[in-house]
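In our numbering, the protein residues as written are 27 to 187.
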């Protein structure tokens, strides 16, 4: 979900490939064509990621989206502030996203008691979660994904205390 665009990176630069080798003009032309295809592929991937981010922003709203970005950057106070605003939304999807960001922010700060205290609200609002065990599993999976995203972008997997 979160890409280099969220973190200010350049997806095309991150995916740049090596130089073309070969003495003959045929090899150089072939290499240039291959490089052009690689660049086109990278541009398509960047466009797809941009589209995915736009779709995510539309699905969860601006406040929750900003909260996700802040959470990935270990800015918990900002994430929680955005989550609180999102939870006030009249759009139930935005409000649910805000609730989840609040839960994940608490859990990411190693305050799992506070995170679990919100499970009844998660169960009441999230149609895909029917029990505290399912909420726990969803929270664990989301935290693991968050750590993987951080690691992929050279951020600390676990936020400093």
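Where is the CB? At the ideal position from N, CA and C, for every residue including glycine. It should be emphasised that the depicted structure is a prediction, and the values quoted were computed from it without experimental measurement.
- Item | Cβ pair residue 195, residue 129 closer than 8 angstroms | Because the chain spans 27 through 187 in this model, residue 195 falls outside it and cannot be assessed.
- Task: Could you have a look at residue 155 and say whether DSSP puts it in helix, strand or coil?
- Result: coil
- Neighbourhood of residue 132 by C-beta distance below 6 angstroms, restricted to the same chain and skipping five residues each side: 140, 141
- Spatially closest choice to residue 181 from 86, 65, 95, by CA coordinates: 95
- Segments assigned beta strand (DSSP E), at least 3 residues, entirely inside the segment 98 to 170: none
- Is the number of C-beta pairs between the segment 96 to 105 and the segment 73 to 87 that are closer than 8 angstroms three or more? The segment 96 to 105, when compared against the segment 73 to 87, does not touch it at the 8 angstroms Cβ threshold.
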